[in-house]
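In this note's numbering, the protein residues as written are 10 to 47.
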């Protein structure tokens, strides 16, 4: 079983660019339902 972090860093465009420069892999999840996808 995994353990959730107690604190999270805010993810910004700059932090994503920095992660890419460092070669860090990221994963994202986007979920839409019908009412949001209209």
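Here a beta-carbon is modelled for each residue, glycine too, at the ideal position from N, C-alpha and C. Values in this document were obtained by computation on a predicted structure and should not be read as measured data.
- In this structure, the alpha-carbon of residue 11 lies about 16 Å from that of residue 17.
- For residue 27, the uninterrupted alpha helix (DSSP H) segment begins and ends at 22 to 30.
- In the three-state scheme derived from DSSP, where H, G and I count as helix and E and B as strand, residue 41 is classed as coil.
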